[in-house]
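These notes concern the structure reproduced below.
Protein chains in written order, with the working numbering: chain R, 855 to 1103; chain U, 677 to 1115.
The following block contains the structure:
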């Protein structure tokens, strides 16, 4: 589904990704872990198409198509979703109106008719109950005055509504208490199918107690330095990241 | 500029001659004094402190026709779109400065919604008491308007009455094969504990340059409540100079919104005089300029007495080569303790060629007050744009959503749903997007 080959990316002349290779297949969950400043968030932004980064080498393919020339909106239309670490507040635009715009833009790109209002509402109610969200959410301005936990929940809610093929969760666990973390994890687990894939970007292992990854990768200094199964996350939890930085013997 | 001034001076003589027996009335004495002031001051130039960002030269060079008296009729179908149609309302409609009774809907029943000229004829006491009492004499352009004051809206809401419907005041200018200048004059009086919602709009139906030098005096007496909305969305040949002065008495409240999207040139001179204690005033504005538009807001909030509250919020978006000005003066006089005065002006520039001059000007001579001001000039937030685009929303729509989000609190005091809807549509149209939902 997603294939990243020798990806180098820099911002304002500073190279942040230095040759990332990653392949994600349908049905898989990948966790990307790593210390602060290792390039985790850059990687997620680059996959989603943020234009501030310059790709100096390598490429990203999604369903065998090169993503390099596509804008973030076009990538979303192909089925890529990024859950933000810091979602942006949009006063004056309600969650409902925002989702309606978003869903219908995606449908338009696929040549489908806009979703009728009653169906949209029904779907929103379903997904909200999955995430233990109050229906008053829908009439609030997008992310405005939301608590940290509400923002993250709203991101997962959007993912549930947009049904992407590939969901990238950038530090969704940070700032969440254990109850909120469980709700988010439950949501992600329910959305998991054999056809879609998820990349979890996280600093800590605790999210992985609730969402079991198929693969764990460690990103350090812009490169994936180690890959393994979920046991690798436990190892990192115990020993920290420092042991990875030592030169291989 | 001089040519137009000469023309105005000789027109004034013609105007006086037409008055016959009315030339000796107190009202006309005020006109004559105002003309003298205008002759002395002349049109403002960039040398005037209040005009240093804005030149009148380009709009005063035209050979304006001053009193187009070949009567033009306008069909309602032609101008319907400029009205709020989905709400029952009183209407005062003027075409080329002349009252149009067949397009208007007036009343004298419990309060007066009629014309300035009929006020002069019927209510001489009102004219003597209020005419020329709000606009400051140091303003050349409102003095010019005063000199020629004869037609416009007169609205008087009597004691403890609330206007049961919103009142729409519209001024149209039609095609005369040449440039036209009009000078509408409005007088609005809310007596004690009265309430009204009023919208004002100037619209040119001509593709020739049109200059409107409008003046409005508003008196809001004790415990009265006024909701006033200026819709400035004229065509690209139209220039508007809007002189509005408001006097408020104790426990009154005023919300005044200025929504500027159209016109080639707009200058608002908005003065708010708080004459008695416990007044509350909100001045809001949304400005969206593009092309070569120049939109200039000069406001004055004059806190003369203690215990008043004023709050000013102006939002500006400038694209292409548009130029904006915000000059917000707040005076807090020595005795005006416990004043609460807030002012904010936030701007977004979408291109390198767009510009804005913003100048908060607080003069505070009392020591026990809460005053704040802030102005910002920025660009669209890339991170926010990226966020919206990752949800499948194309750049232009994403940009419009963000701009709307930025500007929309300028609509916070628009309580009339039909007006809110209309303004939202104007904003969407101006931002050139077609969103799936009503903003």
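For every residue, glycine included, the Cβ atom is placed at its ideal position computed from N, Cα and C.
Pairwise C-alpha distance: residue 838/U and residue 765/U: Cα to Cα, the separation comes out at about 13 Å.
Cβ-based contacts, 8 Å cut-off: residues of the region 1054–1067 of chain U near chain R: Flagged, chain order: 1057, 1058, 1059, 1060, 1062, 1063, 1064, 1065, 1066 and 1067.
Which residues does DSSP pair with residue 1007/U in a beta bridge? Looking at the DSSP assignment, residue 1007/U forms a beta bridge with 978/U and 1039/U.
Would you tell me roughly how many angstroms separate the C-alpha atoms of residue 1085/U and residue 998/U, rounded to the nearest one? Roughly 22 Å between the two C-alpha positions.
Counted within 10 angstroms of its Cβ, other Cβ atoms place residue 923/R as buried (16 or more) or exposed: With fewer than 16 other Cβ atoms from the protein chains shown falling within 10 Å of its own Cβ, residue 923/R counts as exposed.
Pop quiz: residue 882/U and residue 849/U are said to be a contact at Cβ under 8 Å. What is the actual Cβ separation, rounded to whole angstroms? That pair is a contact at about 6 Å.
Flag this pair as yes or no: are the beta carbons of residue 927/U and residue 954/U separated by less than 7 Å? Against a cut-off of 7 Å, the Cβ pair of residue 954/U and residue 927/U comes out as a contact.
In whole angstroms, give me the CA-to-CA distance for residue 973/U and residue 868/U. Going from the Cα of residue 973/U to the Cα of residue 868/U covers about 30 Å.
Would you please verify whether the beta carbon of residue 944/R is less than 7 Å from any beta carbon of chain U? For residue 944/R, the nearest CB of chain U lies under 7 Å from its own CB, placing it at the interface with that chain.
Going along chain U in order, which residues have a C-beta closer than 9 Å to the C-beta of residue 959/R? Neighbours of residue 959/R on chain U, chain order: 1067, 1068, 1069, 1070, 1073 and 1112.
Between residue 1106/R and residue 1073/R, is the Cβ-Cβ spacing less than 7 Å? Nothing in the structure corresponds to residue 1106/R, since chain R is present only between 855 and 1103.
Between the CA atoms of residue 883/R and residue 1048/R - distance to the nearest angstrom: Spanning the two alpha carbons is a distance of roughly 10 Å.
Residue 1102/R: buried (16+ other C-beta within 10 angstroms of its C-beta) or exposed? No answer about residue 1102/R holds up, because its pLDDT of 48 lies below 50 and its placement is not dependable.
Three-state secondary structure assigned by DSSP to residue 1093/R: In the displayed model, residue 1093/R falls within a helix according to three-state DSSP.
For residue 998/R and residue 785/U, the rounded distance between their alpha carbons: Looking at the two C-alpha atoms, the distance is approximately 47 Å.
CA nearest to the CA of residue 935/R, picked from 1067/U, 828/U and 750/U: Per the Cα distances, 1067/U.
Comparing C-alpha positions only, which one of 985/U, 1080/U and 783/U sits nearest to residue 952/R? Of the candidates 985/U, 1080/U and 783/U, the residue whose Cα lies closest to the Cα of residue 952/R is 1080/U.
Residue environment, residue 906/R, which counts as buried when at least 16 other CB atoms sit within 10 Å: Exposed: under 16 other Cβ atoms inside 10 Å.
Please say whether residue 789/U and residue 755/U have beta carbons closer to each other than 7 Å? Against a cut-off of 7 Å, the Cβ pair of residue 789/U and residue 755/U comes out as no contact.
In the DSSP assignment, the beta strand (DSSP E) including residue 873/R goes from what residue to what residue? Residues 868–878.
Would you say residue 963/U and residue 1000/U are within 7 Å of each other, going by their C-beta atoms? Against a cut-off of 7 Å, the Cβ pair of residue 1000/U and residue 963/U comes out as a contact.
One question on the structure: do residue 901/U and residue 929/U come within less than 7 Å of each other, judged by their Cβ atoms? Annotated as proximal: residue 901/U and residue 929/U, with beta-carbon spacing under 7 Å.
If you measure from the beta carbon of residue 891/U to each beta carbon in chain R, is any gap under 7 Å? By the rule that beta-carbons nearer than 7 Å mark a contact, residue 891/U does not touch chain R.
Mind checking which residues open and close the beta strand (DSSP E) that includes residue 957/U? For residue 957/U, the enclosing beta strand (DSSP E) has its first and last residue at 956–965.
Residue range of the unbroken beta strand (DSSP E) whose run includes residue 862/U: Segment 861–866, the beta strand (DSSP E) holding residue 862/U.
Taking the beta strand (DSSP E) that residue 988/U falls in, what are its first and last residues? Boundaries of the beta strand (DSSP E) harbouring residue 988/U: 985–994, taken from the DSSP string.
Going by beta-carbon coordinates alone, are residue 866/U and residue 845/U separated by less than 7 Å? For the 7 Å CB-CB criterion, residue 866/U and residue 845/U do not form a contact.
Between residue 1096/U and the ligand HEM, is the CB less than 6 Å from at least one heavy atom? This structure simply doesn't include the ligand HEM, nor any ligand for that matter.
Identify every residue that forms a DSSP beta bridge with residue 949/U. Looking at the DSSP assignment, residue 949/U forms a beta bridge with 923/U and 978/U.
Assigned secondary structure, residue 712/U (DSSP; H/G/I helix, E/B strand, else coil): Judged by DSSP in its simplified three-state form, residue 712/U adopts helix.
Check this for me: beta carbons of residue 1080/R and residue 872/R, under 7 Å apart or not? Result no, Cβ atoms of residue 1080/R and residue 872/R do not sit closer than 7 Å.
Residues of chain U with CB under 9 Å from residue 814/R, in chain order? In the structure as shown, chain R begins at 855 and stops at 1103. Residue 814/R is therefore absent and cannot be evaluated.
Cα-Cα separation between residue 1076/U and residue 1067/R, rounded to whole angstroms: Approximately 39 Å, taken between the alpha carbons.
Closer than 9 Å, Cβ to Cβ, to anything on chain U: give me those residues from the region 1016–1048 of chain R, in chain order. Those would be 1016, in chain order.
Quick one: grab the DSSP three-state call for residue 1090/U. DSSP places residue 1090/U in the coil class of the three-state scheme, outside both helix and strand.
Once you ignore the five residues that flank residue 1029/R on each side, which residues in its own chain have a CB closer than 8 Å to its CB? Closer than 8 Å at the Cβ level, and outside the excluded window around residue 1029/R, lie 1002, 1003 and 1006.
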